[in-house]
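Below: the structure, in structure tokens.
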Amino acid sequence: MFPKKAHYDLVIVGGGLSGLAAAVSAGEQHLDTLIIEKGRTLGGDGNYVEGAMGVDSYLQKQEGITIDPTELLQDELNYSHYEASAPHLKKFINQSGAIIDWLHKLGVEFVKVGPQGKSWPTIHTFNGGGKAAIATLLTKVNEYGIEIVTSIGAQKVLQHNGHVSGLIIKNEATGQVRELSVNDIILATGGYIDNPELVKKRTPLNDRLLSVSDGKSTGDGLQLAWQAGAEHYQMGAIQYGGGAILDKTRPPFVHMASQLAAAATQEAILWVNERGDRFVNEDVNDNMCHAGSSILTQARTFSILDQAAVDHLTNVGLYKELGNSPVSPEKLANLTDEITCDLKNNEKYLTKADSIAELAQKLNLPNLDATIERYNKVVEQGEDSDFGKAAAYLTPLKEGPYYAVELGVGMACALGGIRVDDQNAVLNSYGYPLDGLYAVGNDSAGMLVGDTYAVTLPGSTAGYAAFSGRNAVLNICKEKC
């Protein structure tokens, strides 16, 4: 169904976390606002985020957590090789705690704050996950009477005398188009992770790259901005989720809660390549994006476990905390059952053998025997003189049967392609705003990163979504309200 009116103060393209944060802010400012969402449901990838980044929030104050924002800024700029925008990142950091407080006052509940793996203690974990946070924002949007239409996509930004004047929209079910008159537009379409051609511009397309997005992040915001004259900015970073089960028969999200996937990727036992050679320090997964990059340097990657490791993880506990999640279980109680089920179903990503030699033969890994012999010696000496894995995670592989899990790399989001200023206004190639056009969330988050996603600042995607959505609206009102 098309929108009820022909003119709005503000149209928000996309009904995910950043779009809803912008809409609540617009409601607070009494803007006549419309949200258009090309899918049938709202929330986007915001439904799956675990928490939001903040510095100097109410919860950090309660927990006695103090962070020097200047030190954090320098650390993140160094991490990005100074490709991140220092002014934009600084504004985000300095206002992030207030954004957490704002979300909390709206009714979003947080259960804890702390680090995620080896990171700054900035992720505020949502009570009930991202879906609960989205539901709270949506309740507020409805309270403000903001109009929402679904199955409606944006086709073209219209301009008159250098300012946004309208938007051409399309009914995704019928193909019919309409033209809206609008004062300002906010692009909040979620980035480009589901657009293979745009992903290829960032990194050579690889059949082991697996999108775990909601499928709607196809770069619509980038295309709309570029058509309107925006700079084709650097394509930024892809958030690799470390290793992921390489299943060529099902969508990647099927394995997101898999305990076999957790064991194979995050328990830091042994990874080998297509020849059976070890190629990395396996606890690299403390930074999941580094882990993903490492896996992609090889033609194929296998995670090797023995029966002793499976039994330990199932019945005793983890070798290391699951570093890519703010909530880690004590053990993988379903791991043995998952392996039994997968073997019964002849899943291609899982191979079992009674001996190392048999496993090597089944997978054509000629160097596997020598690799495991060398690895066990490293374990015995208590020091990884080959790649420097922490001694606490040196786990032997001596008890058959043995298992190999083939790994790909999950991709949660992609950031980049649009350059914005500190008000989240979209910039042209001269560095000046396209008046009336703003980009938020993943559409503009390339301003925060270099070529590698900032896992060191956990919760930054969700935190920036809320910050940028609110930032754009407040600056629209500063100019016009």
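Start counting the sequence shown at 352; every next residue gets the next number (my numbering). Where a beta carbon is used, it is the ideal one built from N, C-alpha and C, also for glycine. Keep in mind it's a predicted model, so treat the numbers as computed, not measured.
{"Asked": "Cross-strand partners of R629 (DSSP beta bridge)", "Found": "V623"}
{"Asked": "Entirely enclosed beta strand (DSSP E) segments - the stretch 510-536, minimum 3 residues", "Found": "514-522"}
{"Asked": "Exposure label - M639; buried when at least 16 CB within 10 Å", "Found": "buried"}
{"Asked": "Y409, enclosing alpha helix (DSSP H) - first and last residue", "Found": "Y409 to E414"}
{"Asked": "Length of the line joining the Cα atoms of V631 and W622", "Found": "7 Å"}
{"Asked": "DSSP state of N638 mapped onto helix, strand, coil", "Found": "coil"}
{"Asked": "Burial state of H583 (16 or more Cβ within 10 Å)", "Found": "exposed"}
{"Asked": "Beta-carbon gap between L799 and Y815 smaller than 8 Å", "Found": "yes"}
{"Asked": "Selected residue, minimal CA-CA separation from A529, among I520, Y359, S819 and D396", "Found": "The sequence given here has Arg at residue 529, not Ala. Cα-wise, what sits closest to R529 is I520."}
{"Asked": "Boundaries (first-last residue) of the alpha helix (DSSP H) holding K491", "Found": "G480 to E494"}
{"Asked": "Same chain, Cβ closer than 6 Å to L385, five either side skipped, listed in chain order", "Found": "P354, Y359, V362 and E498"}
{"Asked": "Sheet register partners of G367 (DSSP bridge)", "Found": "G394"}
{"Asked": "Local conformation of D354 per DSSP, three classes", "Found": "In the sequence as presented, Asp is not what sits at residue 354; that position holds Pro. It is coil, neither helix nor strand."}
{"Asked": "Cβ-Cβ distance between G580 and N779 below 8 Å", "Found": "yes"}
{"Asked": "P677 in three-state terms, based on DSSP", "Found": "With a pLDDT of 44 at P677, under the threshold of 50, the modelled position of this residue cannot be trusted, and the question is left open."}
{"Asked": "Sequence-distant residues of its chain with Cβ nearer than 6 Å to A776 (five each side left out)", "Found": "P784 and Y789"}
{"Asked": "Straight-line Cα distance separating T473 from E401", "Found": "12 Å"}
{"Asked": "Nearest neighbour of E523, chosen from S502, N493 and G517 [CA to CA]", "Found": "S502"}
{"Asked": "Length-filtered (4 minimum) alpha helix (DSSP H) runs lying within the stretch 546-629", "Found": "547-553, 571-578 and 610-617"}
{"Asked": "Sequence-distant residues of its chain with Cβ nearer than 8 Å to V462 (five each side left out)", "Found": "T476, F477 and N478"}
{"Asked": "Proximity of Q578 and V508 at Cβ, strictly below 8 Å", "Found": "yes"}
{"Asked": "Selected residue, minimal CA-CA separation from A608, among T746, K599, A619 and G592", "Found": "G592"}
{"Asked": "Three-way DSSP call (helix, strand, coil) for V667 in this model", "Found": "helix"}
{"Asked": "Between the CA atoms of Y744 and Y670 - distance to the nearest angstrom", "Found": "6 Å"}
{"Asked": "C-alpha distance - S369 paired with Y726, whole-angstrom precision", "Found": "46 Å"}
{"Asked": "Assumed close pair K567, G390 - CB separation to whole angstroms, cut-off 8 Å", "Found": "5 Å"}
{"Asked": "Among P717, H381 and D794, the one whose alpha carbon lies nearest that of I537", "Found": "D794"}
{"Asked": "First through last residue of the beta strand (DSSP E) which encompasses G820", "Found": "From DSSP, G820 is part of no beta strand (DSSP E) but of the alpha helix (DSSP H) over S811 to K831."}
{"Asked": "Residue(s) in a DSSP beta bridge with C764", "Found": "Q590"}
{"Asked": "Beta-carbon contacts of E689 that lie in its chain and below 8 Å, excluding the five residues immediately before and after", "Found": "S609, Q610 and L611"}
{"Asked": "For T501, the residue or residues it bridges with in DSSP", "Found": "E388"}
{"Asked": "P747 vs Q658 beta-carbon contact at 8 Å", "Found": "no"}
{"Asked": "Alpha carbon of V515 to alpha carbon of G365, nearest angstrom", "Found": "18 Å"}
{"Asked": "CA nearest to the CA of E681, picked from I707, E625 and A613", "Found": "A613"}
{"Asked": "Proximity below 8 Å, CB of G761 to CB of V550", "Found": "no"}
{"Asked": "Opening and closing residue of the beta strand (DSSP E) in which L542 lies", "Found": "For the sequence presented, residue 542 should be read as Gly rather than Leu. Neither: G542 is in no beta strand (DSSP E) and is coded neither H nor E."}
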